[in-house]
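Enquirer: Under the numbering used here, the first residue of the sequence shown is numbered 38, with each subsequent residue one higher.
No residue lacks a Cβ here, since even glycine has one placed at the ideal position from N, Cα and C.
It should be emphasised that the depicted structure is a prediction, and the values quoted were computed from it without experimental measurement.
Handing you this structure, nothing more for now.
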Amino acid sequence: MEKQLRYVVYCRKSTDEKNKQLLSIESQRAELQKLILREGLTVVGEPLEERHTAKKVGRPVFKQMLNMIDQGEANGIIVWKTDRLSRNSIDTAAILSRLESGAIQRIQTLERTYNYNENVILLYVEFGMADQYKRDLSSSVKVGMNTKIRLGWCPGRVPVGYLNLRTSDDTISTVVKDPERFTILKKCWQRLLERRYSLQQVYEMAIEDGLTNRNGGKYCRSNFYKLFQNPFYYGYFQYMIDGNPKLNKGQHEPMITKEEFDQAQAILSGDQKPRKHSHDFTYRGVFRCGRCGSLMSGYRKTKKQNNGNVHSWTYYICARGKDRHCHEPQLGEGMIDAEIARILGELEIPPQFHQWAMDTLRDDVQRSEDYTIELLQSRQRALEISKAKSEKLLDLLLGQAINQEAYDRKQAELRKEQERLSDLMVTAEKKIEDYLKEADKVFSFAELAKGRFMTGDSEEKRYAAFMLSLNPLVIGRKPLFTLFPVFEALKKIALLVRELSHVLEPVKGVDIAMTYTDKLGENPEWWAIQDLNL
């Protein structure tokens, strides 16, 4: 009888099963291989590996196993436990009907053997227990989530400025202030509410103050903008209950009041314009002293001539906030205007180049889609390996190969790595879209900024200063701009573009886009722009 049995090996562990006691697929294979060798069982094909939950119908590998049985390739199943086969009534019926008809003659687990003409009642009970366990677990999770919500604690990951305080068993219990970021974010809200700074300026100041993401990298501009729409900061959090988003009062410490939040929404929607000061200095809050690092403050000097004419000059001088003995000389606003105009002139590009550059970048992005898919798959594999390490670590702890302290330390490292990989997978999917938007913004700025600067108001000039450099300085009565890398590269290519335009301007019927491709497509300066992380 035994020689007539042909087994298919089935292993399953879904990525959403959090129970660390469950063996990984690799561990299941190892244990089942020992059983096969010990009992001398005949196996058909390679072991089947499923990474989908058994709670839902439609598992592809499970369906493949049933097809092998229906086609007579196998008439037995080797599995770690019966709950690996099914946790829903439809798949349970598929197994039991084949067992009763004899299509499945035996199901072999590590602990028990189930034959088609016996032990069927016991198998009914075990499948029923697995299905009920799934229902009870789902109900328990919902109860736990609803309890946390009623207690005022957000069940999910909290926004920047706060931290989830976890208990020793790795469950989120409360929410606390992030000592590194709470103060920086609160200052951002205050700056926005002062109505003196645009959101772009608030972002640049936050980066200068040291705002980073959870991995220590530069905080994404688009994510920063979304922070100011999150009710979490005034003490509430939004969470889906029975499929509907609901606003719930939180127990965490608010960063702002509800009134301040509403006021910020009005500012961001354009309902209220930034408040004008009696002396609205163009470069207020833009420059820092190159000697001591303090902000440069503005003042206006007025002189009335004997003939009645009044002349005024604007100067910027170190506010001495960090060094009251600093003696950096004052700088006239006209010198700043002249330096910015000079830099913008070096960056200026014609609209034809702007169009060619965007078309070229879009073509490059199209060609890089395969690479992006490979990158996501690579990070998914790395994430699965990291989770497998976590499971192996638990085995070592249970086997007393390591102590609790070493286990906790290593698990914390792995958890941090898994969070980093998860974040990278999310950001990779948006990276291309954000890249093209930022590229278009840079080229639009280079094309139009000089003209707007020369004819624009204080806001336009301040915007140009912030766009060029993260931390403009004044030193030795001179403004100093350390240009962002993209503008350093663009400055070099812009010179070549202007020279080409000058040569081609008198020539009629020239395909300017083809000329750019021939002359600039293989230019190292253009490659530098393509390779930059905008």
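So what does DSSP say about E68, is it helix, strand or coil?
Expert: The residue given as residue 68 occupies position 31 in the sequence shown. It is helical.
Enquirer: Pop quiz: I127 and V94 are said to be a contact at Cβ under 8 angstroms. What is the actual Cβ separation, rounded to whole angstroms?
Expert: Translated into the one-based positions of the sequence shown, residue 127 becomes position 90. Translated into the one-based positions of the sequence shown, residue 94 becomes position 57. Correct: roughly 5 angstroms between the Cβ atoms.
Enquirer: Assuming L264 and P192 are in contact, meaning their beta carbons sit under 8 angstroms apart, how far apart are those beta carbons, in whole angstroms?
Expert: One-based indexing of the sequence shown puts residue 264 at position 227. One-based indexing of the sequence shown puts residue 192 at position 155. Contact flag wrong, Cβ pair sits at about 20 angstroms.
Enquirer: Could you check where the alpha helix (DSSP H) with W226 kicks off and where it finishes?
Expert: As a first step, residue 226 is located in the sequence shown; it is residue number 189 there, counting from the start. Note, W226: alpha helix (DSSP H), F219 to L230.
Enquirer: Inspect the beta-carbon positions of E428 and S61 and report whether they are closer than 8 angstroms.
Expert: As a first step, residue 428 is located in the sequence shown; it is residue number 391 there, counting from the start. As a first step, residue 61 is located in the sequence shown; it is residue number 24 there, counting from the start. Against a cut-off of 8 angstroms, the Cβ pair of S61 and E428 comes out as a contact.
Enquirer: Give a yes or no on whether the C-beta atoms belonging to W117 and Q70 are separated by under 8 angstroms.
Expert: One-based indexing of the sequence shown puts residue 117 at position 80. One-based indexing of the sequence shown puts residue 70 at position 33. For W117 and Q70, no; Cβs fall outside 8 angstroms.
Enquirer: Do you know whose CA, among N346, T319 and C329, lies nearest W336's CA?
Expert: Position 299 of the sequence shown, counted from the start, is the residue given in the question as residue 336. Looking at the sequence shown, residue 336 is not Trp but Tyr. Per the Cα distances, T319.
Enquirer: Less than 8 angstroms between C-beta atoms, sequence neighbours within five positions excluded: which residues of the same chain meet that for V534?
Expert: Here residue 534 is taken as the residue at index 497 of the sequence shown, counted from 1. Hits under 8 angstroms: I386, P387, F390, Y553 and L557.
Enquirer: What do you get for T492, buried or exposed, if any count of 16 or more other CB atoms within 10 angstroms of its CB means buried?
Expert: Along the sequence shown, one-based indexing puts residue 492 at 455. With fewer than 16 Cβ atoms within 10 Å of its Cβ, T492 is classed as exposed.
Enquirer: Nearest to K359 by CA position, among S331, C257, E365 and L122, is which residue?
Expert: Here residue 359 is taken as the residue at index 322 of the sequence shown, counted from 1. The residue with the shortest Cα to Cα distance from K359 is S331.
Enquirer: Expressed to the nearest angstrom, what Euclidean distance is found between the alpha-carbon atoms of S138 and D107?
Expert: Within the sequence shown, the letter at position 101 stands for residue 138. Within the sequence shown, the letter at position 70 stands for residue 107. About 11 angstroms.
Enquirer: Using beta-carbon positions only, say whether E217 and L507 come within less than 8 angstroms of one another.
Expert: Looking up residue 217 in the sequence shown gives position 180. Looking up residue 507 in the sequence shown gives position 470. Against a cut-off of 8 angstroms, the Cβ pair of L507 and E217 comes out as no contact.
Enquirer: Tell me, please, whether the stretch 376-384 touches the stretch 342-359 by the rule of three or more beta-carbon pairs shorter than 8 angstroms.
Expert: At 8 angstroms Cβ cutoff, the stretches do not touch.
Enquirer: My output table needs one value for S331: the three-state DSSP class, helix, strand or coil.
Expert: By one-based count along the sequence shown, residue 331 stands at place 294. Looking at S331 - three-state DSSP - the assignment turns out to be coil, as it is neither helix nor strand.
Enquirer: What do you get for V347, buried or exposed, if any count of 16 or more other CB atoms within 10 angstroms of its CB means buried?
Expert: In the sequence shown, counting from the first residue as 1, residue 347 sits at position 310. It is exposed - the Cβ of V347 has fewer than 16 other Cβ atoms within 10 Å.
Enquirer: Quick one: measure Cβ to Cβ for L398 and A476, integer angstroms, because I've assumed they're closer than 8 angstroms.
Expert: Residue mapping note: residue 398 aligns to position 361 of the sequence shown, counting from 1. Residue mapping note: residue 476 aligns to position 439 of the sequence shown, counting from 1. Rounded, the Cβ-Cβ distance is 6 angstroms, consistent with contact.
Enquirer: Just the C-alpha distance for Q145 and N125, rounded to the nearest angstrom, thanks.
Expert: As a first step, residue 145 must be located in the sequence shown, where it is residue number 108. As a first step, residue 125 must be located in the sequence shown, where it is residue number 88. Roughly 20 angstroms between the two C-alpha positions.
Enquirer: Just list the beta strand (DSSP E) runs in the stretch 81-132, keeping only unbroken ones of 3 residues or longer that don't cross its boundaries, in chain order.
Expert: Counting only runs of 3 or more, we get 85-87 and 113-116.
Enquirer: If you count every other CB in all the chains shown that lies within 10 Å of the CB of A486, and 16 or more means buried, which is it?
Expert: Sequence index remark: in the sequence shown, residue 486 carries index 449 (1-based). A486 comes out buried.
Enquirer: What did DSSP end up calling A261 once you bin it into helix, strand or coil?
Expert: Translated into the one-based positions of the sequence shown, residue 261 becomes position 224. Sequence check: residue 261 is Phe here, not Ala. Helix, per DSSP.
Enquirer: Which two residues bound the contiguous alpha helix (DSSP H) that contains S349?
Expert: For the purposes of this step, residue 349 is identified with residue 312 of the sequence shown, where counting begins at 1. Counting along the chain, S349 falls outside any alpha helix (DSSP H), though it belongs to the beta strand (DSSP E) covering V347 to C355.
Enquirer: Out of curiosity, what's the CA-to-CA distance linking C363 and C329?
Expert: Numbered from its first residue, the sequence shown carries residue 363 at position 326. Numbered from its first residue, the sequence shown carries residue 329 at position 292. Their Cα atoms are separated by approximately 7 angstroms.
Enquirer: Report the start-end ranges of each alpha helix (DSSP H) in the stretch 507-543 that is 4 residues or longer and not cut off at the edges.
Expert: Counting whole runs of 4 or more residues, the stretch 507-543 contains the alpha helix (DSSP H) stretches 522-541.
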